[in-house]
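First up is the structure itself, then whatever we jot down about it.
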Ligand SMILES: [Cu+2]
């Protein structure tokens, strides 16, 4: 399993967090999902043989929360 952290700027309350967690857990290959609401970040554990960061980002986009992987986009880290 691999871990990735995604910035989800539109995640502002526990309802958002629940929507995001539900959407992510439906994606094949995703294990644990940890939401850090104050940081507006989601830590996702996934099986790299079954899915990839782009798929995770797409799943969030579908439910209305554009996300960006912290590792893939280091510049995003300073945006808040
Ligand atoms: Cu919300």
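Numbering (our numbering), first residue to last: 21 to 100. Backbone N, C-alpha and C define an ideal beta-carbon position, used for all residues, glycine too.
Cross-strand partners of residue i (DSSP beta bridge)
i	result
residue 67	None; residue 67 has no bridge partner.
residue 26	62 and 89
C-beta atoms of residue i and residue j nearer than 8 Å
i	j	result
residue 39	residue 66	no
residue 76	residue 47	yes
residue 60	residue 86	no
residue 26	residue 90	yes
Three-state secondary structure assigned by DSSP to residue i
i	result
residue 61	strand
residue 82	helix
residue 89	strand
residue 14	An answer regarding residue 14 cannot be provided, because it is not within the stretch 21 to 100 covered by the chain.
residue 74	helix
residue 100	Because the pLDDT of residue 100 is 47, which lies under 50, any placement of that residue in the model is unreliable, and the number read from its coordinates should be weighed accordingly. Three-state result, residue 100: coil.
residue 124	Not covered by the structure: residue 124. The range shown for the chain is 21 to 100.
residue 48	coil
Residue i: CB within 7 Å of a non-hydrogen atom of ligand 2
i	result
residue 32	For the structure depicted, ligand 2 is absent and the ligand set comprises only ligand 1.
Whole-number beta carbon distance between residue j and residue i, since they are thought to touch under 8 Å
i	j	result
residue 37	residue 79	In fact, because the Cβ distance is near 15 Å, the residues do not count as touching under 8 Å.
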